[in-house]
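**Student:** Just so you know, the sequences run in chain order A and B. Going by my numbering, the final residue of the first sequence carries number 114, and the count climbs one at a time with no gaps. Going by my numbering, the final residue of the second sequence carries number 121, and the count climbs one at a time with no gaps. Virtual Cβ for every residue (Gly too), placed ideally from N, Cα, C. Predicted model, so just to flag it, every value in this text is computed and none were measured.
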Amino acid sequence: DAKTTQPPSMDCAEGRAANLPCNHSTISGNEYVYWYRQIHSQGPQYIIHGLKNNETNEMASLIITEDRKSSTLILPHATLRDTAVYYCIVRVVGNAGNMLTFGGGTRLMVKP
Amino acid sequence: DAGVTQSPTHLIKTRGQQVTLRCSPKSGHDTVSWYQQALGQGPQFIFQYYEEEERQRGNFPDRFSGHQFPNYSSELNVNALLLGDSALYLCASSLVISGELFFGEGSRLTVL
Numbered sequence: 003d004a005k006t007t008q009p010p011s012m013d014c015a016e017g018r019a020a021n022l023p024c025n026h027s028t029i030s031g032n033e034y035v036y037w038y039r040q041i042h043s044q045g046p047q048y049i050i051h052g053l054k055n056n057e058t059n060e061m062a063s064l065i066i067t068e069d070r071k072s073s074t075l076i077l078p079h080a081t082l083r084d085t086a087v088y089y090c091i092v093r094v095v096g097n098a099g100n101m102l103t104f105g106g107g108t109r110l111m112v113k114p
Numbered sequence: 010d011a012g013v014t015q016s017p018t019h020l021i022k023t024r025g026q027q028v029t030l031r032c033s034p035k036s037g038h039d040t041v042s043w044y045q046q047a048l049g050q051g052p053q054f055i056f057q058y059y060e061e062e063e064r065q066r067g068n069f070p071d072r073f074s075g076h077q078f079p080n081y082s083s084e085l086n087v088n089a090l091l092l093g094d095s096a097l098y099l100c101a102s103s104l105v106i107s108g109e110l111f112f113g114e115g116s117r118l119t120v121l
């Protein structure tokens, strides 16, 4: 799976949008971009994933650049409960398994 | 609908001992994966079980072994414990081998 690069930490004011960037310049054509988050002392939680089109669900939006070399996870109205480590992961989706390769992630701190 | 459940939540062992961790997958899921998360790092893939067989394995020594039972639950065994085995052990389940992963809260192992 391709490697990803994320800033180690970010701050965001409560109620504002949190924009978390991820660089995956070596992504292959059949690799999806996945985002997970891990709140302190809990297991990782799936947020969203996409291939090349922008995606939105009840938790977040995912914006993938046209060349697919980078993406941004957007939490539209961050709350204190969104404080967590956010992991950007790229992986092939298929019958070969669903192993995830986690990097260091971005530690997002939402402040009042 | 119960999610992924793991036991025990915390345990302490001494070097050289053996430990068994248990995982019950989310209802309806048939695939179980195990991850190790050292303090301050992202989770690292240990192995995946599907149809009671190990399907994928990460870069972990043979001291780490597992089993999947006919009811899809799973065990992770670690022999000859080392201090470096101290970590949060996460179990994740999915519907089919390529499906989205749902994580449990983890079992925190401390080796003294």
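1. Starting from the beta carbon of A/Gln-44, find every residue of chain B whose beta carbon is closer than 9 Å, and list them in chain order.
2. Output, in chain order, the set of chain A residues within a Cβ distance shorter than 9 Å of B/Gln-77.
3. Going by alpha carbons, who is nearest to A/Thr-103 out of B/Phe-54, B/His-38, B/Ala-89 and B/Ser-33?
4. In terms of residue numbering, what span does the beta strand (DSSP E) encompassing A/Asp-69 cover?
5. Taking three-plus beta-carbon pairs below 8 Å as touching, is the region 64-80 of chain A in contact with the region 14-34 of chain B?
6. State whether the region 104-115 of chain B contacts the region 34-50 of chain B, with contact taken as three or more CB pairs (one from each stretch) at a distance under 8 Å.
7. Roughly how many angstroms lie between the CA atoms of A/Met-61 and B/Gln-26, to the nearest whole one?
8. Could you tell me whether the Cβ atoms of A/Val-92 and A/Arg-109 are closer together than 8 Å?
9. Any idea if B/Val-87 is buried or exposed, counting beta-carbon neighbours within 10 angstroms, 16 or more meaning buried?
10. Is the distance from the Cβ of B/Ser-16 to the Cβ of B/Arg-31 below 8 Å?
11. Give me the residue from A/Pro-10, A/Thr-7 and A/Cys-14 with the minimum Cα distance to A/Val-112.
12. Could you give the residue range of the beta strand (DSSP E) that holds B/His-76?
13. What's the call for A/Thr-58, buried or exposed, on a 16-neighbour Cβ count within 10 Å?
14. Tell me, please, which residues DSSP counts as bridged to A/Pro-23.
15. Could you run through the region 57-70 of chain B and flag, in chain order, every residue whose CB is less than 9 Å away from some CB of chain A?
16. Which two residues bound the contiguous beta strand (DSSP E) that contains B/Lys-22?
17. With distances taken Cα to Cα, identify the nearest neighbour of B/Gln-57 among B/Asn-80, B/Ser-103, B/Gly-93 and B/Val-120.
18. Looking only at its chain, what residues have a beta carbon closer than 8 Å to the beta carbon of B/Gly-12, apart from the 5 residues adjacent to it on each side?
19. Taking a contact to mean a Cβ-Cβ separation below 8 Å, would you say B/Gln-99 touches A/Gly-45 in this structure?
20. Going by CA-CA distance only, name the one from B/Asn-80, B/Gly-51 and B/Asp-71 that's closest to B/Glu-60.
21. Compare the C-beta of B/Gly-108 against all C-beta atoms of chain A and say whether one is closer than 8 Å.
**Tutor:** On the basis of the data shown:
1. The answer, in chain order, is Phe-112, Glu-114 and Gly-115.
2. Here the premise fails: no neighbours, minimum Cβ distance about 14 Å.
3. B/Phe-54
4. For A/Asp-69, there is no enclosing beta strand (DSSP E), as DSSP gives it neither H nor E.
5. no
6. yes
7. In a straight line, the C-alpha of A/Met-61 is about 43 Å away from that of B/Gln-26.
8. No, these two residues do not count as a Cβ contact at 8 Å.
9. buried
10. yes
11. Proximity to A/Val-112 across A/Pro-10, A/Thr-7 and A/Cys-14 peaks at A/Cys-14, based on C-alpha coordinates.
12. 73-77
13. The C-beta of A/Thr-58 has fewer than 16 other C-beta atoms within 10 Å across all chains shown, which makes the residue exposed.
14. A/Thr-74
15. Gln-57, Tyr-59, Arg-64, Gln-65 and Gly-67
16. 19-22
17. Looking only at B/Asn-80, B/Ser-103, B/Gly-93 and B/Val-120, the smallest Cα-Cα distance to B/Gln-57 is reached by B/Ser-103.
18. Lys-35, Phe-111 and Gly-113, listed in sequence order.
19. Checking the displayed sequence, the identity of residue 99 of chain B turns out to be Leu instead of Gln. Yes, the Cβ-Cβ distance between B/Leu-99 and A/Gly-45 is below 8 Å.
20. Among B/Asn-80, B/Gly-51 and B/Asp-71, the Cα nearest to that of B/Glu-60 is on B/Asn-80.
21. yes
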